[in-house]
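To start, the structure under review is shown below, and the notes come after it.
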Amino acid sequence: MVKVKKNLFVVMMLVLSMFLYACSSGEEESASGEGKVTLDFWVFGATNYEDLAKKYEKENPNVKINIKNSELGDHHDSLFTSISAGTGAPDLTMIEVDQLDRYREAQDRFVNLYDLGADEIQDQYLDWKWQMAENGEGDFLFGLPTDIGPKAMYFHTEVFEEAGLPTDPDKVSEMISTPDQFADAATTVLDKTGKPMVDSMEMAFRANMDALEVSYFNRDGELLIGEADNGVKEAYDYAVELHDKGVVGSFEMWTPEWANALNQGGFAVEMAPAWLKGYMTENAPEGAGKWRVTTLPTDFAGNWGGSYVAIPSETKHSEEAYKFAKWMLSPENQLESFVESGLFPSAPEVYEMEEFVNNSDEYFGGQNTAAYFAEAAKEIPEVYKGPKYVTVNNEVLTALRNVQEGADPQEEWEAAVERIEGLVKR
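Here the sequence shown is numbered in the numbering used here, starting from 299 and rising by one per residue.
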């Protein structure tokens, strides 16, 4: 009996030692690089990051990267919930530029990338893009730059030709170089073709709005929208002015009506970022060869979209996470993301690479549209949006839609300001 117990004890110890060995050599190994490390990476939208992750895994067999892709809103809601709770956050996460300031108040929930040596690669990226990811003091970096959304002017050549306007991109840029010239050209288009220049009130508003260095909030979090000289009101008034001229359409972005208008040339101009090209190619096939790209009027130069890759402080593998992010967002891999998924590079070195310089878009008549977006990228100012940017911006857009339906512009503005002030106080 004693011998049986002794043998049972030996077996149990053997099983226990095997279990402990399995745990110690599993995928959740320490950050020292020994064993295999698993990194959870949350992304949104259409990227080629899955392919890059597989490539990285081949080059680094000790690293496994699990990618979770969610819709933009769900992604940020889940991230905010997890970092607020202090549990459930991934090792790496994308953060969209309009959402970035939402997380500044939770700085302690993220790894300061300067502590991991990010200052060594700062010169690889556009200054304004990099600085937007810093805290107010400039000593904390929330994330590494991914893509950007430099804006340019997409114009429909058949509509312009019918209006008697030039269709060569450079000549269009010379003719429409100021907001006043844009408004004059819009009137010409309406008179000659009966079509609106701009698709919607939102786009007319964003023409100026996306170029503002300070919009709804200052760096101290103070709401500026009620001040007399606030640039948001000027952007609002310009959109109203275009509406009063009758040159603004009612094609809301992403609706079937809007997609059909892109297809058929239902409006003359779309003032939008580089990422719109991919949508047009897939969803407006009849517009192929009829659209071109040129620079926006100087005062309209701005950014719309793009993101960062941040590392929540909950991770146990910050060094491995940073190493992967740095590799994935290098100039060479940003070029690959541009070619494969249309993600416009935030690393200006890419703008000089042969594949970028010789890029041509068949949809746009073989034009090298990338050159115009690259030029726009260099003129974009650093922008501070504020933690409640999306919520506040939606109230202004509601006011503009009401104006388009016949409401008084000033009354709608005052009502929007009142709603916004109430929302911010909550």
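Glycine included, C-beta positions come from ideal geometry on N, C-alpha and C.
All of these numbers come straight from a predicted model, not from anything done at the bench.
In the DSSP assignment, Ser368 is bridged to Phe342. Between Phe342 and Ser382, the gap from beta carbon to beta carbon reaches 9 Å or more.
About 5 Å separates the beta carbon of Phe565 from that of Asp497, a gap short enough to meet the 8 Å contact definition.
Put simply, of Leu698, Arg699, Tyr687 the residue whose alpha carbon is nearest the alpha carbon of Glu394 is Tyr687.
Inclusion of Met451 and Ile474 in the CB contact set at 9 Å is warranted, their separation being smaller than that value. In the DSSP assignment, Val546 is bridged to Val496. Burial is judged here by how many other beta carbons sit within 10 angstroms of a residue's own beta carbon; Thr613 has at least 16 and is buried. Contact between the segment 600-612 and the segment 442-462 is established, with three or more Cβ pairs separated by less than 8 Å. In its chain, beyond the 5 residues on either side, Asn410, Leu411, Tyr412, Ala416, Ala431, Glu432 have a beta carbon closer than 7 Å to the beta carbon of Leu439.
Straight across, the Cα-Cα distance linking Asn516 with Tyr682 is about 7 Å.
Asn360 sits exposed, since fewer than 16 C-beta atoms from the chains shown fall within 10 Å of its C-beta. Rounded to whole angstroms, the gap between the alpha carbons of Pro388 and Leu377 is 8 Å. For Glu459, the enclosing alpha helix (DSSP H) covers residues 455-460. Nearest to Tyr347 by C-alpha distance, out of Arg724, Lys427, Val637, is Val637. Proximity to Lys362 across Lys352, Gly371, Asn561 peaks at Lys352, based on C-alpha coordinates. Pairing Ala697 with Ala714, the inter-Cα distance amounts to about 6 Å. In the pairwise beta carbon analysis, the segment 578-594 is classified as not touching the segment 520-529: fewer than three pairs are separated by under 8 Å.
Burial state of Ser658 is exposed, judged by a 10 Å Cβ sphere holding fewer than 16 other Cβ atoms. Of all C-beta pairs linking the segment 485-494 to the segment 452-468, three or more are shorter than 8 Å, placing the two stretches in contact.
In the DSSP assignment, Gly604 falls within the beta strand (DSSP E) that extends over 601-608. Beta-carbon to beta-carbon, Leu540 and Ala484 are separated by about 6 Å, close enough to satisfy the 8 Å threshold.
When DSSP reads this structure, Val512 sits in a beta bridge with Tyr682. Assignment of beta-bridge partners to Tyr452 by DSSP yields Glu568, Val591. Linking Gly436 to Ile678 through their CA atoms gives a straight-line distance of about 19 Å. In the structure shown, Ile718 adopts helical secondary structure according to DSSP, grouped into three states. For Leu698, the enclosing alpha helix (DSSP H) stretches over residues 687-702. In the assembly as shown, Val591 is a buried residue. Its beta-carbon has 16 or more other beta-carbons within 10 Å.
Closest by C-alpha distance to Tyr606, out of Gly333, Trp340, Thr336, Val335, is Trp340.
By the Cβ-count criterion, Arg407 is buried, with 16 or more other Cβ atoms from all chains shown falling within 10 Å of its own Cβ. Residue pairing by DSSP places Lys362 opposite Thr336 in a beta bridge.
When the five nearest sequence neighbours on each side are left out, the beta carbons in the same chain lying within less than 6 Å of the beta carbon of Met495 are those of Ala484, Val487, Val545, Ala566, Val567, in order along the chain. CA-CA distance, Trp573 to Gly585, rounds to 16 Å.
As computed with DSSP, Phe408 is found in a beta bridge with Pro610. Bounds of the beta strand (DSSP E) holding Met392 are 390-394. Under the three-state reduction of DSSP, Leu350 is assigned to helix. Taken in chain order, the complete alpha helix (DSSP H) segments of 4 or more residues contained in the segment 465-489 are 467-473.
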